[in-house]
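For the sequence shown, the working numbering puts the final residue at 156, and the numbers step up evenly by one.
What follows is a single structure, written as structure tokens, with notes after it.
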Amino acid sequence: MLQSKNVEILVGIFVAAGLGALFVLAMKVSNLNVFNDEGGYPLIARFDNIGGLKERSPVTMAGVRVGRVEQIGFDNDIFEAVVTLTINDKYKFPKDSNASIFTSGLLGEQYVALEAGGDLENMEPNDQFVITQSALVLEEMIGQFLFKTAEGGSSE
Numbered sequence: 001m002l003q004s005k006n007v008e009i010l011v012g013i014f015v016a017a018g019l020g021a022l023f024v025l026a027m028k029v030s031n032l033n034v035f036n037d038e039g040g041y042p043l044i045a046r047f048d049n050i051g052g053l054k055e056r057s058p059v060t061m062a063g064v065r066v067g068r069v070e071q072i073g074f075d076n077d078i079f080e081a082v083v084t085l086t087i088n089d090k091y092k093f094p095k096d097s098n099a100s101i102f103t104s105g106l107l108g109e110q111y112v113a114l115e116a117g118g119d120l121e122n123m124e125p126n127d128q129f130v131i132t133q134s135a136l137v138l139e140e141m142i143g144q145f146l147f148k149t150a151e152g153g154s155s156e
């Protein structure tokens, strides 16, 4: 009787540890990295089209994660998406840097990629990127290709 109770307790501990590991894995995969939330400063980027960009998507420069998408909003006056990026405090970027939305892989998640400019002054909190490149939407590109082809135009 006592031995079967000990086995039940060990099985319970093993199941709880497995569920904990699955929870941590789910957080890592979904970019909900609660355990590694460093402080940062906000930068603003405006885009005509953000495609499938989501809050908490990565922000990278040269392939290195330097921050994340904090908030996505819409400006009713100029009809643009307003994306607030939280950049880790240890990274600084020139004022003339630009932001682009890319997709990892053919159908992967979208992220914001930053490219450094040549200005000697760095961006300050709440500064806006002057140059941005919107997301390329696969459906729009296919539609444009099909429309051009149907008209008899070249696909160049």
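Built from N, CA and C at the ideal position, the CB exists for glycine as well.
Residue environment, residue i, which counts as buried when at least 16 other CB atoms sit within 10 Å
i, result
"M123", "buried"
"V130", "exposed"
"L53", "buried"
"I78", "exposed"
"N59", "The sequence as given places Val at residue 59; Asn does not occur at that position. Result: buried."
CB of residue i within 7 Å of CB of residue j, strictly
i, j, result
"G67", "N88", "yes"
"V69", "E55", "yes"
Range covered by the beta strand (DSSP E) that runs through residue i
i, result
"P42", "G40 to F47"
"S100", "N98 to T103"
"V66", "V64 to D75"
"A81", "E80 to N88"
"Y111", "Q110 to E115"
"V59", "P58 to M61"
Neighbourhood of residue i by C-beta distance below 7 Å, restricted to the same chain and skipping five residues each side
i, result
"G39", "D89"
"F14", "none"
"D119", "P94, K95 and D96"
"D48", "E80 and S134"
Own chain residues within Cβ distance below 8 Å of residue i, not counting five before or after
i, result
"Q128", "L43, I44, A45 and R46"
Own chain partners of residue i with C-beta closer than 6 Å, once the 5 adjacent residues on each side are dropped
i, result
"T103", "Q110"
"Q71", "T84"
"A26", "none"
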